[in-house]
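When we follow our numbering, the leftmost residue of the sequence shown carries the number 23, and every step to the right adds one.
By construction, the Cβ of each residue, glycine as well, lies at the ideal position given by its N, Cα and C atoms.
Being a predicted model, the structure only gives us computed values, none of them experimental.
Down below is the structure, laid out as structure tokens.
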Amino acid sequence: MQAGKPGVPPFFLAFSTPRRLLVLAAIVLISGAAMLPAMRTMSDHGYSLFAFEQAGSVERSAEIVDTWGEDGKQAAWWQLAFDTPFLIGYGLFAAGACAAVARRASQADKQRLRRTATVVVWFGPLAAAADFLQNISLALILSGHVASPWPQVSATGGSLTSLLMAAALLFAIVGWAATRGARASGLAEGGPRP
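What follows is the structure, encoded as structure tokens:
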């Protein structure tokens, strides 16, 4: 990186190596798979996780929680527990993938792509933060606080999470393709930093 140019935070660069990205992908896959039985139980008791997250109103949220009964509510708690490593994993994966694009763009002297990556690198962590806020609102609803603004916060958080993650992953894929010829090991060899 040249002096005076903003770069990707070193914390995100630390996750940009292929090995660390694979570890994060494994965390996402394992925690995602661990959520499936709980999600199936919720659906078997009348409403899916997606319906609960996107309820958007006090009345709809109350209807879902009442229909679930204790078994569905217990499953929802388990899903929230496994969603925590899931959201940390995908947030850091997206940041690491975009940081890798920034590094490769810098090595390929594609400065516009590098500058864009320094912004998009934050989308994954922001998506994870929105998902965590959604989880807090869902936990409050499950705890009996079925009141505004929690259903609205959950619905907004879910939409924001999806939008930010889709943008980050799309950018990472397109950025990887655009920098495919760049030396992937340049950072480790003392190459330019984004």
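CA-to-CA distance, residue 196 to residue 174, given in whole angstroms
33 Å
Return helix, strand or coil for residue 50, following the three-state DSSP convention.
helix
DSSP three-state assignment for residue 76, whether helix, strand or coil
coil
Starting from residue 70, follow the alpha helix (DSSP H) in both directions and report where the run begins and ends.
No alpha helix (DSSP H) holds residue 70; DSSP gives it neither H nor E.
Return helix, strand or coil for residue 144, following the three-state DSSP convention.
coil
Leaving out five residues before and five after residue 70 in sequence, what residues of the same chain have Cβ atoms less than 8 Å from its Cβ?
61 and 64
Tell me the DSSP secondary structure of residue 93 in three-state form.
helix
Assuming residue 116 and residue 201 form a contact by the criterion Cβ under 8 Å, report the distance between their Cβ atoms to the nearest whole angstrom.
Wrong, their Cβ atoms sit about 17 Å apart, outside the cutoff.
For the candidate residues 55, 122, 99 and 67, whose alpha-carbon lies nearest to that of residue 36?
122
Taking a contact to mean a Cβ-Cβ separation below 7 Å, would you say residue 151 touches residue 187 in this structure?
no
Which residues in the same chain as residue 156 place their Cβ atom closer than 6 Å to its Cβ, once the five residues preceding and following it in sequence are excluded?
176, 179 and 180
With a threshold of 8 Å, are at least 3 pairs of Cβ atoms found where one atom belongs to the stretch 91-100 and the other to the stretch 129-141?
no
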